[in-house]
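A.B. asks: Before I ask anything, here is the structure I am working with.
There are 2 protein chains.
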Amino acid sequence: MKPVAPIRLLLVDDHLVVRAGLAAVLKFDTRFQVIAEAGDGAAAVDAHRKHQPDITLLDVRMPVMDGIEAARRIRAESPAARLLMLTTYDAEEDIRLALDAGASGYLLKNSSQDDLISALLTVQRGERWLPAGLARRLREHTQEAPLSARQLEVLELLAKGLSNKEIAAVLGFTTDGTKAHLRAIFAKLAVADRTEAVVIAIQRGLVRVDG
Amino acid sequence: MKPVAPIRLLLVDDHLVVRAGLAAVLKFDTRFQVIAEAGDGAAAVDAHRKHQPDITLLDVRMPVMDGIEAARRIRAESPAARLLMLTTYDAEEDIRLALDAGASGYLLKNSSQDDLISALLTVQRGERWLPAGLARRLREHTQEAPLSARQLEVLELLAKGLSNKEIAAVLGFTTDGTKAHLRAIFAKLAVADRTEAVVIAIQRGLVRVDG
DNA sequence: CGCACTACTACCCGATCGGGTAGTCGGTCA
DNA sequence: TGACCGACTACCCGATCGGGTAGTAGTGCG
């Protein structure tokens, strides 16, 4: 064992308890050193600029600026930054967005201490880290055509329970327009009707219901 | 200030990080003392029996045995036990179930340290603690008639995207039977169609989609 | 005992939905 | 330039949905 400089970490999470927990869990491992913490995305960007950590542990869902946007901005400033996203949710869309935003890994909050540590070490080596089952599920849907921006708008309204006519009114086209979009959406999500589409969309994280 | 014996706490959460975080946050407040931890519901029941804590902080969603069931069993053994449920989700149904199971309070994981401490102190006094906005939302829907067991079965299948005919086949009655159930469900949830019903059901925690 | 309520079945009917087909318009990429 | 694709509009048609109404069986409640 040769002595190595500790990996310097920036912790970003809006939950105080989670930050404290991560710090507590990592405190006794000399390979890691928590050098800063932040409670929202904007603070994370500032803290990253100031401290230039080796790895940033970034919560996905946060007030002010979410983890995805924070990841994008950090990568814009520091393309070599290593970002490990941290989340409770395994919605595929979140993961896809996180990876697109430049994250090097994706860690579920219910991971064990061992997982946390191996994720950190893996990311530090410049490799990608994803939870076991997730990598497979992600590949499955990655082949399929993604929804267009317009289709996501329609889907969002659909998930509010609007009828074809109401969706058309909101988006400013005819009910036939809604139907055309729905047909494309159904095909891409491989479902038969609007209800199924909404359920799948929620499962995959294409739309949010937490309101 | 007269010196008081610290409030003895049992922490129950399947996330190591959360347990560590709670312990870390409470460590510096002498009014509290963490005397034991558990990682699932079954272990929580055992730990409660053994340590008889003043307050048990119980995560709702856990493997092996969830927090609701654990709360029920703990209360069965120790009717005076004070239980503070801890969760990320604010689905109303979870809260209702938790309170029915005998919880004295319900704390969201994104609460501040101040909230955590005042929740603990409130519960210790034997009073009920609920997050601000939640108490109101809960009262709103508490007036409304709850769904029957059969209606929940139908709702569950509805949330899988099944048609009236398919639901009827699964449950063993005619499509008219499905329609009769749906009419009752729509009325109780105050929605106009199946898609809206599913969204509301997911929001309120009446059905789960995490799979 | 009657009353209320859930769990259905059944029929009617208009509105909505979903699928098939076809064509226009604008942007992109080779 | 032509080929392709997304965003529509439009029309047809059968299936499904949701609402109104009515009636039966079974259960729990006072």
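So the sequences go chain by chain: W and Y.
Numbering follows the numbering used here, with no gaps: position 89 of the first sequence is 93.
Numbering follows the numbering used here, with no gaps: position 183 of the second sequence is 187.
Every residue, glycine too, gets a C-beta built ideally from N, C-alpha and C.
1) Looking at E97/Y: is its Cβ nearer than 7 Å to the Cβ of G209/Y?
2) Can a CB atom of chain Y be found closer than 7 Å to the CB of L20/W?
3) Label P135/Y either buried or exposed according to how many other C-beta atoms from any shown protein chain fall within 10 Å of its C-beta, with 16 as the threshold for buried.
4) Check whether the region 13–26 of chain W touches the region 12–26 of chain Y, counting contact only when three or more Cβ pairs, one atom from each stretch, lie closer than 8 Å.
5) Under a CB-based cut-off of 7 Å, is N114/W close to chain Y?
6) Please classify K54/Y as buried or exposed, where buried requires at least 16 other C-beta atoms within 10 Å of its C-beta.
7) Can you give the Cα-Cα distance for G45/W and A172/Y, rounded to whole angstroms?
8) Please confirm if G45/Y has its CB atom under 7 Å from at least one CB of chain W.
9) Can you give me the start and stop residues for the beta strand (DSSP E) that Q37/W sits inside?
10) I need the DSSP call for R12/W, collapsed to helix, strand or coil.
11) For chain Y, check one thing: does any of its Cβ atoms lie closer than 7 Å to the Cβ of L30/W?
12) List, in order along the chain, the chain W residues whose C-beta lies closer than 8 Å to that of K164/Y?
13) Using CA atoms only, rank isn't needed, just tell me which of A27/W, T91/W and I204/W is closest to L151/W.
14) Let me see if you follow: with CB-CB separation under 7 Å, is L26/Y close to chain W or not?
15) Would you say Q207/Y faces chain W, with C-beta separation under 7 Å as the test?
16) By DSSP's criteria, R86/W is part of a beta bridge. Which residues make up the other side?
17) For V195/W, go through chain Y and note every residue whose CB falls closer than 7 Å to its CB, in chain order.
18) With 16 as the cutoff for other CB atoms within 10 Å, does D63/W come out buried or exposed?
19) Can you have a look at T178/W and say buried or exposed, based on whether 16 or more other CB atoms are within 10 angstroms of its CB?
20) Between the C-alpha atoms of A102/W and A74/W, what's the straight-line distance to the nearest angstrom?
21) If we count the other Cβ atoms within 10 Å of its Cβ and call it buried at 16 or more, is D104/Y buried or exposed?
22) Following the continuous alpha helix (DSSP H) through G181/W, name the residue where it begins and the one where it ends.
23) Would V38/Y and L13/Y be called neighbours here (beta carbons separated by less than 7 Å)?
24) Starting from Q117/W, find everything on chain Y with Cβ-Cβ shorter than 7 Å and list it in chain order.
25) Determine whether the Cβ of V174/Y lies closer than 7 Å to any Cβ atom of chain W.
26) Starting from L112/W, follow the beta strand (DSSP E) in both directions and report where the run begins and ends.
27) Can you name the residues of chain Y whose CB is closer than 8 Å to the CB of V213/W?
28) For a contact defined as C-beta to C-beta under 8 Å, what are the partners of T92/W on chain Y?
C.D. replies: With the given structure in hand:
1) yes
2) Closer than 7 Å: yes.
3) buried
4) yes
5) N114/W has a beta carbon lying within less than 7 Å of a beta carbon in chain Y.
6) exposed
7) G45/W and A172/Y: Cα-Cα distance of roughly 48 Å.
8) no
9) F36 to A42
10) strand
11) For L30/W, the closest Cβ of chain Y is not nearer than 7 Å.
12) Per Cβ cutoff of 8 Å: E200 and V203.
13) I204/W
14) Answer yes: the Cβ-Cβ gap between L26/Y and chain W drops below 7 Å somewhere.
15) Answer yes: the Cβ-Cβ gap between Q207/Y and chain W drops below 7 Å somewhere.
16) In the DSSP output, where bridge partners are listed per residue, R86/W has I59/W.
17) Identification of chain Y residues near V195/W by a Cβ-Cβ cut-off of 7 Å yields G165, ordered along the chain.
18) Buried, because 16 or more other Cβ atoms sit within 10 Å of the Cβ of D63/W.
19) exposed
20) The C-alpha of A74/W is placed about 10 Å away from the C-alpha of A102/W.
21) In summary, D104/Y is exposed, with fewer than 16 beta-carbon neighbours lying within 10 Å of its beta-carbon over all protein chains present.
22) T179 to L193
23) Yes, the Cβ-Cβ distance between V38/Y and L13/Y is below 7 Å.
24) L20
25) no
26) G109 to L112
27) V203, I206 and Q207
28) Within chain Y, the residues whose beta carbon sits less than 8 Å from that of T92/W are T92, listed in sequence order.
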